[in-house]
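Chain order of the listed sequences is A and B. Residue numbering for the first sequence follows our numbering, beginning at -18 and increasing consecutively. Residue numbering for the second sequence follows our numbering, beginning at 17 and increasing consecutively. C-beta atoms are modelled at their ideal positions from N, C-alpha and C, and glycine is treated no differently.
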Amino acid sequence: MVDALNIATFKQKLLCGELDIVEHTEMILQEAEKLNPEYHYFNVISKDLARMQAKELQREIQTSLKLKDKKKLQQLQQKKLLGVPISVKDAICVKGVESTAGSRILKGYLPPFNATVISRSINEGGIIIGKTSQDEFGFGGFNVNVGLDYQVPKNPFDKNRTTGGSSGGGSGFVQLTKYTHASLTESTGGSIVEPAAFCGVVGLCPTYGRVSRYGLMDFANSLDKIGATGKATADVAVLLQSIAGFDQRNATTTDIPVEDYPSFVGKPIKGLKIGVVSVAFGEGTDSFVAERVWKGIKALESEGASYEEVNLELPITMGVPTYYLIATSEASTNLAKYCGLRYGKHEPLEGSFNEYFTLVRSKNLGEEAKRRIMLGTFARMAGYRDACYLKALKVRTKMIEEYKKLFTKYDVLMTPTAPIIAPKFDEIAKLTPLQHYMIDIFTVGPNIAGLPHISVPVGKQNGMPVGALAIADHFKESTLIKLGSVLEKTCGAGKCGCE
Amino acid sequence: MPKQPAQQPAKQRDLPGTKILVDEQLITLVARNARLALTPEETKRFVVQFKELLDAFSKVSKVPTDDVALMIHPVPIKNVMRQDIVKPSFSVETALANTQHKKDSYFKGPRIVS
């Protein structure tokens, strides 16, 4: 068995018979089961589904090779994720596999349908290996806000530290697995890139509307995006290519054509203009984090990019309050459907509707979920709605205008993904909710504005990874893929003076 | 579970930017609207936390937004209509498969009217 081939090489080896899908699938399932008691990356490992999918694909390949059926082999070759194990954030519905968004209130829910990203992944030959750990409904930046009865995932480099959240399970497993694999992750305010940075992997959050949200359990429907996390930008590009595009089941997807993302991997970046958000490298950001990201920017410069320091005002100064006012307002209504009637946790049918609904929610939601529902309820209450929720939506307009103005001059904007390396659990426990929310300071801006962004590892400090964040204009994912693949080549582990 | 007080209209209508009076009464009212029953400890904790959070969030009031349109979605979204044609959907059995409360072909819920 060859360790962690990229998806393109893996596929080639499968099709010439050098690798066996069933064996590869079995190995990664065993690895996931072995790691899980220690690291808690999976809420469910979908062994039966994965084995069934692997056997079916293997049978197709072997039959085609035996019969020398060129047409069928060509069809198989065109499957972008042929035989690739895919882990899935728990908030994304997989038919027949318990899907809870990490919340006890949905315990036992077996979706009767696949999310569009799952249908598309399977159609491209992907093998669904399980549902990954997350903060309950995505409510967190450190993945410590898991639902009641769930366990907190641990950082692959130091088990006393966080994976980051909320897509922590997926990012942690991407880092530790020895096998070819990519993860379907999801971001509302930074939940793809932040755990990617803390776990030393690549995370790409696409433009809002680039990928269907059908089958995603909403946190905040004007902010949620499904994206991809992988060991390298090339793998992330393949997974995004597989899931992107218009979906008639999700009216917020766009019919703008999807670019051929993998073709941008390794393309020269000569002439790329980078706006370096200078405030993100100053007070509040650890000096060694700033230093590592600067080295990444200099490495890009050496490859032909140019940079200038720029000012980014509103997304940095007003990003966190604006984000939390919008996100919690939307969450407070979205979560109303979890009331113990149609799925998930039930209680005996006693009392009035309101008493029953209140009982189910109060017993089965964790504290952060309650806090965010309460914040959102407050922000939408009569007398506060205009000043909180609607005001935040206007500030969002101004933020988008500010970004758009910068994108007339620059192709990408860069900051550290997070101002710190992954903190220890005992440090997180001392934070107030507001201090907890501030970890999102560099990631909420692109999420509020629906802009695509990528986190790429730029080395380590004392054994812990540091991530650089690049943000592009709407639907310019290809620019980020180009940048990411060059950055990891020039500034990855062992390069440009890092550990 | 503690019994919840009857709903009262919010007396405070302060805008962010001015001090919002966060007390147990406000937290209890919000919890009631959110259909959450808080323990006394949770209520006390949320009073402290909401004071800090709402004070920080009130910063948005400083951003001038006169004549600024609000954006519900971050990218322009077209309204999508489809033809009103019946298509195959879940069977009743599938739709009811995840509930413990059902009767015949229906979901069974708690009483709404006393």
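(request) Tell me, please, whether the CB atom of Pro56/B is closer than 7 Å to any CB atom in chain A? (result) In the second sequence, residue 56/B corresponds to position 40, counting from 1. It does not; no Cβ of chain A falls within 7 Å.
(request) Determine, using beta-carbon pairs with one atom in the stretch 62 to 69 of chain B and one in the stretch 173 to 180 of chain A, whether at least three such pairs fall under 8 Å. (result) No, because fewer than three Cβ pairs between the stretch 62 to 69 of chain B and the stretch 173 to 180 of chain A fall closer than 8 Å, the two stretches do not touch.
(request) Express the C-alpha separation of Lys379/A and Ala111/B in angstroms, rounding to a whole number. (result) As a first step, residue 111/B is located in the second sequence; it is residue number 95 there, counting from the start. As a first step, residue 379/A is located in the first sequence; it is residue number 398 there, counting from the start. So the alpha carbons of these two residues sit roughly 43 Å apart.
(message) Using DSSP's beta-bridge definition, name the partner residues of Lys254/A.
(response) On the first sequence, residue 254/A is found 273 positions in, with the first residue counted as 1. Under DSSP, Lys254/A shares a beta bridge with Ser287/A.
(request) Closer than 7 Å by C-beta to Gln(-7)/A: which residues in its own chain qualify, once you throw out the five before and the five after it? Chain order, please. (result) Counting from one through the first sequence, the residue named residue -7/A turns up at place 12. Answer for Gln(-7)/A: no residue qualifies.
(request) Within the stretch 75 to 145 of chain A, note down every full alpha helix (DSSP H) run reaching 4 residues or more, in order along the chain. (result) Fully enclosed alpha helix (DSSP H) runs of 4 or longer: 97 to 104.
(message) Looking at Gly245/A: is its Cβ nearer than 7 Å to the Cβ of Ser459/A?
(response) The sequence position of residue 245/A within the first sequence is 264, counting from 1. The sequence position of residue 459/A within the first sequence is 478, counting from 1. Here residue 245/A turns out to be Phe, not Gly, going by the sequence shown. With respect to Ser459/A, Phe245/A sits close: the two C-beta atoms are nearer than 7 Å.
(message) I'd like the span of the alpha helix (DSSP H) that includes Thr339/A, first residue to last.
(response) The count along the first sequence starts at 1 and reaches residue 339/A at position 358. Run containing Thr339/A: Phe334 to Asn345, per the alpha helix (DSSP H) assignment.
(request) Taking all protein chains shown into account, decide if Tyr304/A is buried (16 or more other Cβ within 10 angstroms of its Cβ) or exposed. (result) What you label residue 304/A is simply residue 323 of the first sequence in a count that begins at 1. The residue in question, Tyr304/A, is buried, as its Cβ has 16 or more Cβ neighbours within 10 Å.
(message) Closest to Glu167/A by C-alpha separation, out of Pro400/A, Ser114/A, Phe138/A and Asn141/A, would be which residue?
(response) In the first sequence, the residue the question calls residue 167/A occupies position 186. Distances from the CA of Glu167/A to each of Pro400/A, Ser114/A, Phe138/A and Asn141/A were compared; the closest alpha carbon is that of Ser114/A.
(request) Could you list which residues in chain B have their beta carbon closer than 7 Å to that of Leu374/A, in chain order? (result) For the purposes of this step, residue 374/A is taken as the residue at position 393 of the first sequence. Listed along the chain, the chain B residues whose CB falls inside 7 Å of the CB of Leu374/A are Leu86, Met87 and Ile88.
(message) Judging by CA-CA distance, which residue of Gly265/A, Pro433/A, Gly321/A and Gln442/A is the nearest neighbour of Thr188/A?
(response) Numbered from its first residue, the first sequence carries residue 188/A at position 207. Ranking the options by Cα distance to Thr188/A, first place goes to Pro433/A.
(message) Residues of chain A with CB closer than 7 Å to the CB of Glu68/B, please, in chain order.
(response) Within the second sequence, the letter at position 52 stands for residue 68/B. Near Glu68/B (Cβ distances below 7 Å), the residues of chain A are Thr413 and Leu415.
(message) Let's test the definition: count the other Cβ atoms within 10 Å of the Cβ of Gln108/B and tell me whether it reaches 16, buried, or not, exposed.
(response) Along the second sequence, one-based indexing puts residue 108/B at 92. The sequence shown places Val at residue 108/B, rather than the Gln named in the question. Result: exposed.
(message) Counting beta carbon pairs with one atom in the stretch 446 to 462 of chain A and one in the stretch 391 to 407 of chain A, are three or more of them shorter than 8 Å?
(response) The answer is yes - the stretch 446 to 462 of chain A touches the stretch 391 to 407 of chain A, with three or more Cβ pairs under 8 Å.
(message) At the level of alpha carbons, what is the spacing between Arg499/A and Glu328/A?
(response) Nothing can be reported for residue 499/A: it is not among the residues displayed for chain A, which extend from -18 to 480.
(message) To the nearest angstrom, how far is the alpha carbon of Thr97/A from that of Val467/A?
(response) Here residue 97/A refers to the residue found at position 116 when the first sequence is read from its first residue. Here residue 467/A refers to the residue found at position 486 when the first sequence is read from its first residue. About 31 Å.
(message) Looking only at its chain, what residues have a beta carbon closer than 7 Å to the beta carbon of Val25/A, apart from the 5 residues adjacent to it on each side?
(response) Locating residue 25/A in the first sequence gives position 44, counting from the first residue. The beta carbon of Val25/A is closer than 7 Å to those of Val78, Glu79, Gly111 and Lys112 in its chain, skipping five residues each way along the sequence.
(message) Using 7 Å as the threshold, is the C-beta distance between Phe334/A and Pro126/B below it?
(response) Counting from one through the first sequence, the residue named residue 334/A turns up at place 353. Counting from one through the second sequence, the residue named residue 126/B turns up at place 110. Cβ distance < 7 Å, so Phe334/A and Pro126/B count as in contact.
(message) For Lys70/A and Leu165/A, which I take to be in contact (beta-carbon distance under 8 Å), what is that distance rounded to the nearest angstrom?
(response) Residue numbering aside, residue 70/A sits at position 89 when the first sequence is read from its first letter. Residue numbering aside, residue 165/A sits at position 184 when the first sequence is read from its first letter. 6 Å between Cβ atoms; contact.
(message) Going by DSSP in three states, Pro329/A sits in which element: helix, strand or coil?
(response) For the purposes of this step, residue 329/A is taken as the residue at position 348 of the first sequence. DSSP, read as helix, strand or coil, puts Pro329/A in coil.
(message) Ala72/B and Leu415/A - do their beta-carbons sit closer together than 7 Å?
(response) In the first sequence, the residue the question calls residue 415/A occupies position 434. In the second sequence, the residue the question calls residue 72/B occupies position 56. Here Leu415/A is near Ala72/B, since their CB atoms are less than 7 Å apart.
(request) Mind checking who Tyr122/B pairs with in its DSSP beta bridge? (result) As a working note, residue 122/B is residue 106 in the second sequence. Its beta-bridge partners are Lys119/B.
(message) DSSP has Cys186/A in a bridge; who is on the other side?
(response) Locating residue 186/A in the first sequence gives position 205, where the first residue counts as 1. Cys186/A is bridged to His434/A.
(request) Find the residues of chain A that neighbour Lys103/B, judging by a C-beta separation of less than 9 Å, and give them in chain order. (result) Here residue 103/B refers to the residue found at position 87 of the second sequence. Around Lys103/B, no beta-carbon contact reaches into chain A at under 9 Å, the shortest distance being about 11 Å.
(request) Pick out the complete beta strand (DSSP E) segments inside the stretch 188 to 251 of chain A, 3 residues or longer, and give them in chain order. (result) If we require 3 residues or more, the beta strand (DSSP E) runs fully inside the stretch 188 to 251 of chain A come out as 206 to 211.
(request) Please classify Gly150/A: does DSSP put it in a helix, a strand, or coil? (result) As a first step, residue 150/A must be located in the first sequence, where it is residue number 169. Assignment of Gly150/A by DSSP, reduced to helix, strand and coil, places it in the helix class.
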